[in-house]
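Mapped onto our numbering, the consecutive letters of the sequence shown carry residue numbers 1 to 422.
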Amino acid sequence: MEDDSPGAASEVTAPSSRGAVAALMFSQGVGVAGTQVTALALPTLAILLLDAGPLAASLVFALEYGIQGLTGPFAGVLVDRVASRRRLLIAVDVVQLLLVATVPLAHAVGALTLVQLYAVAAVSGALGGVTAIAVPTVVADFVPRDGLVAVNAKLAGARSAGQIAGPGLAAALVQAVGAATAMVADAVSYGLSALAMSLPRLRQDEELERAAARPGIADSLREGIDVLRDQPLLARLAVAAAALNLGGAGLGGLFVYFAYQVVDLGPGELGLTQAVYSIAAVTAVFTAKRVVRRVGLTRVIPLFGPLAAGALFLIPLASLGAALPVLIAYQLVFGFCATVWSVSWVTLQQRLSPPEQLGRVLGLSRSIGQLVVPVGALLGGALAGAVGTTGALAVFASIALAGTLAVAATRSQPALPGAGRA
């Protein structure tokens, strides 16, 4: 029997829990916005200050996502082992602050090197993976089962706000004060995030303290793999997310080139399509709970995943004419469907995974999805050279659709457990 989020259910019961949700939203929003500054500043420093070539500059990007993928399972073990996941988030923010601050400090004394930039990208990427895994587990600790969709949507909205504001803030700061000094803003964002997460005072029954007895790392990872084996839908969803990430990374690496060189869009028109994506994503955030309630959680995922992947075919189709309206339609459909799919996926992981093993399930799933991102980005250019830009876009869209259809073809769906997360 399928059980979805009823409209009359409360999202978060205790005032302290509501404060924790507000703190998480602030932390996620300001953190994403600050991270956009570093994402622009690191390659800028590598290229303009340290004379890095294309391969050396792209390594900064590849390290961040590659390290997240490699360390994801171990980050999941850490999240499941700590006594307080919320305090872990605070500690990670403090370490991120100190790590990012080393770049403007080294630049100020004339000691900045490419090796340091690579180290910052790698370590910050690994720590970012810990945060991404810990946040849903914190939510699952104190949000009742029937409020998960709504809270996950709010967090997605906070991240979307940061993604909308971040690039403009990053560009303005780098232009105004230089790339190294601009990274002070990211360090400050981590400090604000840590402060926000330290303010709510959760009751003992909301912020769960975990038992001291812990299996070894290998046994812990095996337990997480066993959950994915026992819940085939979660495993298929991880594969679907990897296919969507692989296709999206390949498409993303070619999209700007395609817009400028193949369909002759200008910067303003390209910016318009990206603004439409933001609007669609925000709309999805506000309507995700209603969509899940009407369609059903386990039916939303096999429906909206293929819809999001199918929208990717609109990109190469734009080469046939009416490029701007077609790309606007792509951003509209993809932004809405991918956001609803993402919120529903996280919710399903929280509801199907044992609370004490949720971190490992998230870590293993993220690892599968993250490792393909640098692969897709690097393959994009190579494939475009072999079959042309439009052909490469169609290939990557096909990969994404095939992966999501694998979930849509699932014959049976699991019964969602009735017990909430207290």
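We put the CB at the ideal spot given by N, CA and C, even for glycine.
- The segment 383 to 399 and the segment 244 to 259 touch, with three or more beta-carbon pairs separated by less than 8 Å.
- The DSSP-derived three-state label of residue 80 is helix.
- The C-alpha of residue 45 lies about 11 Å from the C-alpha of residue 182.
- Contact annotation: residue 104 and residue 184 have beta-carbon atoms nearer than 8 Å.
- In the pairwise beta carbon analysis, the segment 132 to 151 is classified as not touching the segment 265 to 277: fewer than three pairs are separated by under 8 Å.
- In terms of Cβ geometry, residue 241 and residue 377 do not form a close pair [threshold 8 Å].
- Contact between the segment 213 to 231 and the segment 292 to 305 is not established, with fewer than three Cβ pairs separated by less than 8 Å.
- Distance from the CA atom of residue 286 to the CA atom of residue 157, rounded to whole angstroms, is 8 Å.
- The beta carbons of residue 199 and residue 309 sit about 40 Å from each other, so the pair does not count as a contact at 8 Å.
- Residue environment for residue 331: buried (at least 16 other C-beta atoms within 10 angstroms of its C-beta).
- Of all alpha-carbon atoms in 336, 265, 171 and 317, the one lying nearest the alpha-carbon of residue 397 is that of 317.
- Of all C-beta pairs linking the segment 170 to 182 to the segment 87 to 99, fewer than three are shorter than 8 Å, placing the two stretches out of contact.
- Contact between residue 370 and residue 361 does not hold, since the beta-carbon distance rounds to 15 Å and is not under 8 Å.
- Less than 8 Å divides the Cβ of residue 174 from the Cβ of residue 41.
- From the listed residues 24, 64, 30 and 23, the smallest Cα separation to residue 43 is found for 64.
- Restricting attention to 83, 142, 116 and 110, the CA atom closest to the CA of residue 21 is found in 142.
- In the structure shown, residue 370 adopts helical secondary structure according to DSSP, grouped into three states.
- Taking a C-beta distance under 8 Å as the contact criterion, residue 234 and residue 372 do not qualify as a contact pair.
- Here residue 72 is actually not in contact with residue 19; their C-beta atoms are around 29 Å apart, not less than 8 Å.
- Going by DSSP, residue 198 is part of the alpha helix (DSSP H) stretching over 179 to 198.
- Here DSSP, grouped into helix, strand and coil, assigns residue 266 to coil.
- In the displayed model, residue 353 falls within coil according to three-state DSSP, outside both helix and strand.
- About 20 Å separates the Cβ atoms of residue 187 and residue 114, ruling out a contact at the 8 Å cut-off.
- In the DSSP assignment, residue 255 falls within the alpha helix (DSSP H) that extends over 232 to 257.
- For residue 193, the CB contacts under 7 Å within the same chain, skipping 5 residues up- and downstream, are 27, 30, 31 and 93 in chain order.
- Comparing alpha carbon positions, the residue from 33, 262, 277 and 112 closest to residue 165 is 33.
- Listed in chain order, the non-local C-beta contacts of residue 265 below 7 Å within the same chain comprise 259, 323 and 324, local neighbours out to five positions each way being set aside.
- Excluding five sequence positions before and after residue 335, the CB atoms of its chain that fall closer than 6 Å to its own CB belong to 277, 280 and 281, given in chain order.
- Residues of the same chain with a CB within less than 7 Å of the CB of residue 329, apart from the 5 flanking positions on each side, are 314 in chain order.
- Separation of residue 197 and residue 25 (C-alpha to C-alpha, rounded to the nearest whole angstrom) is 10 Å.
- For residue 68, the number of other beta carbons within 10 angstroms of its own is at least 16, and it is reported as buried.
- Here residue 403 is not near residue 218, since their CB atoms are 8 Å or more apart.
- When only Cα atoms are considered, residue 388 and residue 381 end up about 9 Å apart.
- Scanning 144, 168, 300 and 137 for the CA closest to the CA of residue 275 turns up 168.
- Residue 127 has its alpha-carbon roughly 24 Å from the corresponding atom of residue 171.
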